[in-house]
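To start, the structure under review is shown below, and the notes come after it.
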Amino acid sequence: MNRTTLVSPSILAADFANIETEVKMVNDSAADYIHIDIMDGHFVPNISFGFPVTKAIQKHSKKPLDFHLMISNPDNYLEACIDSGAAIITVHVEVCHDLRATINRIKKFGAKAGVAVNPGTDIESLKEIISDIDLVLLMSVNPGFGGQSFIDNTYNKVLEIKELSSFLNKNILIEIDGGVNASNAAKLISTGANMLVAGSYVFNAPNPIEVIQSLKML
Ligand code: DX5
Ligand code: ZN
Numbered sequence: 063m064n065r066t067t068l069v070s071p072s073i074l075a076a077d078f079a080n081i082e083t084e085v086k087m088v089n090d091s092a093a094d095y096i097h098i099d100i101m102d103g104h105f106v107p108n109i110s111f112g113f114p115v116t117k118a119i120q121k122h123s124k125k126p127l128d129f130h131l132m133i134s135n136p137d138n139y140l141e142a143c144i145d146s147g148a149a150i151i152t153v154h155v156e157v158c159h160d161l162r163a164t165i166n167r168i169k170k171f172g173a174k175a176g177v178a179v180n181p182g183t184d185i186e187s188l189k190e191i192i193s194d195i196d197l198v199l200l201m202s203v204n205p206g207f208g209g210q211s212f213i214d215n216t217y218n219k220v221l222e223i224k225e226l227s228s229f230l231n232k233n234i235l236i237e238i239d240g241g242v243n244a245s246n247a248a249k250l251i252s253t254g255a256n257m258l259v260a261g262s263y264v265f266n267a268p269n270p271i272e273v274i275q276s277l278k279m280l
């Protein structure tokens with residue numbers, strides 16, 4: 063097997079009273095990134111954490127940071143993400159008025175640019191932009207909360223992205239976010255995904271390092 067599965071544990075499921083220990087656990091694991099969910103209580107019905115917290119994560123992390131902005135005005139916060147060490151910044155297609163301008167700004171800052179799509183959003187909405195981005199983040203739950211159940215239609219959407227990207231952007235990363243666990247991870251990878259976010263599956267496990275390793279092996 064010459065394919066590599068990228069793994070991005072979602073810090074949203076970590077114990078925030080022990081954030082240093084949690085980040086160090088990820089440092090010691092086979093994870094490729096730390097996934098950072100920013101929620102604004104407007105685009106999604108929940109608030110996660112802000113930049114003082116991401117700075118604390120950055121301080122301890124040896125892994126690159128994968129920012130997922132579930133916020134209505136991502137343009138206003140790109141610089142703050144970069145200041146917190148973002149290696150990837152993903153914005154939602156549903157909120158960007160000028161998606162191309164936002165993507166270009168992210169790239170100018172030197173980060174990889176991603177576009178996220180909600181379960182109810184058509185993959186067609188990515189057609190114009192897919193050749194200019196590094197990553198598509200496919201939401202496999204409705205965004206806003208960790209610990210939700212995986213939506214099965216995600217497999218069909220992976221196939222749609224595969225088809226679109228096969229002639230427009232072969233090297234694109236297809237990141238799956240929400241409800242990823244042992245019952246769907248292998249099928250996601252065999253369908254064509256190459257990057258998995260996992261929050262509760264990793265951080266609620268008795269041995270998170272082993273869980274991360276098992277996802278890496280897919
Ligand atoms: C959901 C977030 C996810 C979440 C994943 O809105 O974007 O990244 O943290 O958590 P689990 O893996 O528990 O569904
Ligand atoms: Zn996320």
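The sequence shown runs 63 to 280 under the numbering used here. No residue lacks a Cβ here, since even glycine has one placed at the ideal position from N, Cα and C. Remember, predicted model here, so these are calculated numbers, not experimental data.
Item checked: Where the beta strand (DSSP E) through Glu237 begins and ends -> 235 to 239
Item checked: Check: Asp99 C-beta below 6 Å from any heavy atom of the ligand DX5 -> yes
Note to self: I want to check one thing, is the minimum distance from the CB of Asp94 to the heavy atoms of the ligand ZN below 6 Å?
What the structure shows: no
Check: Can you name the start and end residues of the alpha helix (DSSP H) that Pro270 belongs to?
Finding: 270 to 278
Check: Which ranges does the beta strand (DSSP E) cover as unbroken runs of at least 3 residues, wholly within the segment 145 to 224, from first to last along the chain?
Finding: 148 to 154, 174 to 179, 197 to 201
Next item on the list: Determine the closest residue to Ser202 out of Ser227, Asp239, Glu225, Glu222, with distance taken between C-alpha atoms.
Entry: Asp239
Note to self: Any heavy atom of the ligand ZN closer than 6 Å to the beta-carbon of His130?
What the structure shows: yes
Check: By Cβ distance, which residues of its chain are closer than 6 Å to Gln275, with the 5 residues on each side in sequence left out?
Finding: Ala92
Notebook entry, point to check: Relative to the C-alpha of Gly103, which residue among Leu74, Ser134, Val115, Leu250 is closest?
Noted result: Ser134
Notebook entry, point to check: Cβ of Ile151 within 7 Å of Cβ of Cys158?
Noted result: no
Next item on the list: Compute every distance between the C-beta of Asp102 and the non-hydrogen atoms of the ligand ZN, then say whether any falls below 6 Å.
Entry: no
Notebook entry, point to check: Ordered along the chain, which non-local residues of its own chain (more than five positions away) have a Cβ less than 6 Å from that of Gly209?
Noted result: Ser262
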